[in-house]
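Undergrad: So for the sequence shown, UniProt numbering puts the first residue at 1; every next one is plus one. For every residue, glycine included, the Cβ atom is placed at its ideal position computed from N, Cα and C. Okay, handing you the structure first.
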Amino acid sequence: MSPAVLDLPQPGQSPADPDEYIGALMRWHFSAETGSPFWLRRAASLPFDPIADVRGFDDLRLFPNVVDEFREVPVADLIPRGLRGADRVVAGVYESGGTTGLPKRFVMFDRWMDFALGWDEHHYADLGTANVLAIAPSGPHMFGEFARRRARRHDGLLFTIDLDPRWIKRLIERGDTAESERYVAHIVDQAAHILRTQPVGILITTPPLLERLTRHDDLVELIRKEVRFLCWSGAHMDADTHEILRTEIFPGIPLKGLYGSTTILGMSRERDTERPDGLASFDPPSPYIVFRVVDPATGDDVPVGTRGQVVMNHLTKYALIPNNLERDLALKLEPPAGWLGCSVADVGPVATFGDHTVIEGVY
């Protein structure tokens with residue numbers, strides 16, 4: 001049984017003390033009885049003792065970024081031995097988008113996935129029953145599973161469009177603009193048929209695909225009439241687009257984003273309050289997902305109000321993924337009081353990551 005401090009909080013319950021939490025987490029992931037085969041094996045090559053030397057959040061910088069190893073490691077080796085009963089129910093194996101090379105694989109547990117989805121649920125609290133249309137990746141991507149669970153939470157039906165973001169990125173990479181446009185048009189045509197024939201209360205999609213929908217006046221009118229909530233994720237949205245969609249194209253319909261990654265097994269949620277500059281700002285669920293923003297040249301934390309590269313940490317008894325340098329740049333914000341790390345705004349992809357050109361495509 002895991003220490004109580006590592007259990008996910010109930011609604012309204014305060015998170016654990018950060019230092020107590022980090023200490024318990026190290027003992028969990030690096031003890032032979034409870035740690036995963038991956039981390040127990042990997043610990044032998046670390047130049048420090050995680051249990052003795054990692055006493056707080058700042059000490060997580062001692063860890064190397066190991067996520068590239070998740071392209072090849074057997075997924076079963078990522079499962080902590082200490083998980084028992086309902087904690088060990090697997091929701092699925094999910095893959096990264098493949099933007100920076102071969103996809104990385106992660107195992108997601110049912111309890112954690114429900115908590116991660118519930119983190120954003122306050123945005124939807126007053127919607128009641130609603131069908132969901134997800135124009136987003138499914139298959140090996142966690143995006144589709146989150147959409148399915150969103151529909152279940154609202155006692156609604158889920159409509160989906162089969163989308164392969166990797167194929168679009170391949171087309172863009174080789175300069176086949178015409179074929180990528182035909183593929184996106186094919187996606188939009190399918191979404192249009194659902195919107196014209198089925199009641200949809202929640203629309204979940206990526207900013208590029210939402211923009212494509214707005215090119216059709218009849219679809220804009222249908223969304224204005226039927227849709228009660230617009231959720232965007234999977235690609236960046238600039239301030240101008242955010243403002244135009246919110247105030248001119250879909251006035252009165254809540255437009256809220258999620259910023260996350262498969263490599264942190266979850267997401268941060270857009271703040272309720274709007275910034276004067278129109279940029280979407282995001283808070284992660286500390287201490288379970290924690291952000292830093294660093295100078296990409298030095299790895300040092302940048303000051304609040306400064307732009308840098310995002311470092312993500314997933315810190316739960318279900319998985320340990322520390323110190324992961326993401327492919328995104330962002331503006332560093334103060335987090336809510338008492339939270340670890342920082343919040344972010346104005347998220348957008350870097351031009352290159354490692355040896356790869358970053359192609360965002362539609363996801």
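(1) What three-state label does DSSP hand residue 5 in the structure shown?
(2) Confirm, please, whether the CB-CB distance from residue 231 to residue 204 is below 8 Å.
(3) Quick one: grab the DSSP three-state call for residue 317.
(4) Just grab the DSSP bridge partners of residue 202 for me.
(5) With residue 331 and residue 307 assumed to form a contact (beta carbons below 8 Å), what rounded beta-carbon distance in angstroms separates them?
(6) Where does the unbroken beta strand (DSSP E) through residue 345 begin, and where does it stop?
(7) Spatial neighbours of residue 10 within its chain, please: C-beta separation below 8 Å, excluding the five flanking residues on both sides.
(8) What does DSSP give as the partner residues of residue 330 in its beta bridges?
(9) Please go through the same chain and pick out, in chain order, the residues whose beta-carbon is closer than 7 Å to the beta-carbon of residue 316, but skip the five residues on each side of it.
(10) Under the assumption that residue 343 contacts residue 329 (Cβ atoms under 8 Å), give the Cβ distance between them as a whole number of angstroms.
(11) For residue 299, decide whether its Cβ has a neighbour in chain B, counting only Cβ atoms nearer than 8 Å.
(12) Assign residue 242 to buried or exposed, taking buried as 16 or more other Cβ atoms, counted over all protein chains shown, within 10 Å of its Cβ.
(13) Work out the CA separation of residue 33 and residue 132 for me, nearest whole Å.
(14) Do you know offhand how far residue 3's Cα is from residue 24's?
(15) Span of the beta strand (DSSP E) holding residue 256?
(16) Would residue 206 be called buried (16 or more neighbouring beta carbons within 10 Å of its own) or exposed?
(17) DSSP three-state label for residue 124, please.
(18) For residue 324, which residues from the same chain have a beta carbon less than 6 Å from its beta carbon, with the 5 sequence-adjacent residues on both sides left out?
(19) Can you tell me which of the three DSSP states residue 207 falls into?
(20) Which residue marks the beginning of the beta strand (DSSP E) containing residue 159, and which one marks its end?
(21) Kindly indicate the opening and closing residues of the alpha helix (DSSP H) around residue 21.
(22) If you run the structure through DSSP and keep just helix, strand and coil, what is residue 91?
(23) Starting from residue 268, trace the beta strand (DSSP E) both ways and give me its first and last residue.
(24) Ignore the nearest five residues each way along the sequence and tell me which others in residue 16's own chain have a CB closer than 6 Å to its CB.
(25) Where DSSP assigns a beta bridge to residue 289, which residues make up the other side?
(26) Enumerate in chain order the residues of its own chain whose CB-to-CB distance from residue 28 is below 8 Å, with the five nearest sequence positions on each side excluded.
(27) Give the DSSP-derived three-state secondary structure of residue 78 in the structure shown.
(28) Determine the closest residue to residue 406 out of 236, 53 and 14, with distance taken between C-alpha atoms.
(29) From 309, 58, 271 and 260, pick the residue whose C-alpha is nearest to that of residue 97; which is it?
(30) In the DSSP assignment, find the alpha helix (DSSP H) that holds residue 170 and state where it starts and stops.
(31) Determine the closest residue to residue 220 out of 195, 233, 202 and 238, with distance taken between C-alpha atoms.
(32) Less than 8 Å between the CB atoms is what I'm expecting for residue 286 and residue 271, so what's the real figure, rounded?
(33) Would you report the Cα separation of residue 89 and residue 175, rounded to the nearest angstrom?
(34) Assign residue 281 to one of three DSSP states: helix, strand, or coil.
(35) Based on the DSSP secondary-structure assignment, which residues constitute the bridge partners of residue 371?
(36) Going by DSSP, name the residue or residues bridged to residue 324.
TA: Based on what the coordinates show:
(1) By one-based count along the sequence shown, residue 5 stands at place 5. DSSP places residue 5 in helix when its eight states are reduced to three.
(2) Taking the sequence shown and counting its residues from 1, the one referred to as residue 204 is at position 204. Taking the sequence shown and counting its residues from 1, the one referred to as residue 231 is at position 231. Yes; because the gap between Cβ atoms is below 8 Å, this pair is in contact.
(3) If you number the sequence shown from 1, residue 317 lands on position 317. Correct three-state label for residue 317: coil.
(4) Along the sequence shown, one-based indexing puts residue 202 at 202. According to DSSP, which records beta bridges pairwise, residue 202 is partnered with 132 and 229.
(5) Counted from its first residue, the sequence shown places residue 331 at position 331. Counted from its first residue, the sequence shown places residue 307 at position 307. Right, their Cβ atoms sit about 5 Å apart.
(6) Translated into positions along the sequence shown, residue 345 becomes position 345. Per DSSP, residue 345 belongs to the beta strand (DSSP E) from 343-349.
(7) For this step, residue 10 is matched to residue 10 along the sequence shown. Once the five neighbours on either side are set aside, residue 10 has no close Cβ partner at all.
(8) By one-based count along the sequence shown, residue 330 stands at place 330. Answer is 308, bridged to residue 330.
(9) On the sequence shown, residue 316 is found 316 positions in, with the first residue counted as 1. Taken in chain order, the residues that qualify are 112 and 288.
(10) Here the question's residue 343 lines up with position 343 in the sequence shown. Here the question's residue 329 lines up with position 329 in the sequence shown. The beta-carbon distance between residue 343 and residue 329, rounded to whole angstroms, is 15 Å. This is too long to meet the 8 Å contact definition.
(11) In the displayed structure, chain B is absent; only one protein chain is listed.
(12) Along the sequence shown, one-based indexing puts residue 242 at 242. That one is buried.
(13) Your numbering for residue 132 matches position 132 in the sequence shown. Your numbering for residue 33 matches position 33 in the sequence shown. Their backbone Cα atoms lie some 42 Å apart in a straight line.
(14) Mapped onto the sequence shown, residue 3 falls at position 3. Mapped onto the sequence shown, residue 24 falls at position 24. Using only the alpha carbons, I get a separation of about 7 Å.
(15) For the purposes of this step, residue 256 is taken as residue 256 along the sequence shown, with counting starting at 1. Element bounds for residue 256: 255-261.
(16) To locate residue 206, count along the sequence shown from 1; it is residue 206. Buried, because 16 or more other Cβ atoms sit within 10 Å of the Cβ of residue 206.
(17) Here residue 124 refers to the residue found at position 124 of the sequence shown. In the structure shown, residue 124 sits in a helix (DSSP, three-state: H, G or I).
(18) As a working note, residue 324 is residue 324 in the sequence shown. If we look at residue 324 and ignore the five residues flanking it on each side, its Cβ neighbours are 65, 67, 263 and 312.
(19) Here residue 207 refers to the residue found at position 207 of the sequence shown. The answer is helix: DSSP assigns residue 207 an H, G or I state.
(20) Locating residue 159 in the sequence shown gives position 159, where the first residue counts as 1. Taken as a continuous stretch (DSSP letters only), the beta strand (DSSP E) holding residue 159 covers 158-161.
(21) Your numbering for residue 21 matches position 21 in the sequence shown. Residue 21 -> alpha helix (DSSP H) spans 18-29.
(22) Numbered from 1 along the sequence shown, position 91 holds the residue referred to as residue 91. Looking at residue 91 - three-state DSSP - the assignment turns out to be strand.
(23) Counting from 1 along the sequence shown, the entry for residue 268 is found at position 268. Taken as a continuous stretch (DSSP letters only), the beta strand (DSSP E) holding residue 268 covers 266-270.
(24) By 1-based counting over the sequence shown, the position of residue 16 is 16. Around residue 16: 5.
(25) The residue labelled residue 289 in the question sits at position 289 within the sequence shown. As DSSP reads the structure, residue 289 sits in a beta bridge with 314.
(26) The residue you call residue 28 lines up with position 28 of the sequence shown. Hits under 8 Å: 2, 3, 6, 34, 35, 80, 82 and 317.
(27) For the purposes of this step, residue 78 is taken as the residue at position 78 of the sequence shown. Residue state, collapsed to three classes: helix.
(28) Nothing in the structure corresponds to residue 406, since the chain is present only between 1 and 363.
(29) Looking up residue 97 in the sequence shown gives position 97. The candidate whose alpha carbon is nearest that of residue 97 is 260.
(30) For the purposes of this step, residue 170 is identified with residue 170 of the sequence shown, where counting begins at 1. It spans 165-173 - the alpha helix (DSSP H) in which residue 170 sits, taken as one unbroken run.
(31) Position 220 of the sequence shown, counted from the start, is the residue given in the question as residue 220. Selected option, being the one with the closest Cα: 195.
(32) For the purposes of this step, residue 286 is taken as the residue at position 286 of the sequence shown. For the purposes of this step, residue 271 is taken as the residue at position 271 of the sequence shown. No, residue 286 and residue 271 are not in contact; Cβ-Cβ is about 14 Å, not under 8 Å.
(33) Locating residue 89 in the sequence shown gives position 89, where the first residue counts as 1. Locating residue 175 in the sequence shown gives position 175, where the first residue counts as 1. Distance between the alpha carbons of residue 89 and residue 175 is about 43 Å.
(34) Walking along the sequence shown from the start, residue 281 turns up at place 281. Strand, per DSSP.
(35) The displayed coordinates of the chain run from 1 to 363. Any statement about residue 371 would go beyond what the structure contains.
(36) For the purposes of this step, residue 324 is taken as residue 324 along the sequence shown, with counting starting at 1. Answer is 312, bridged to residue 324.
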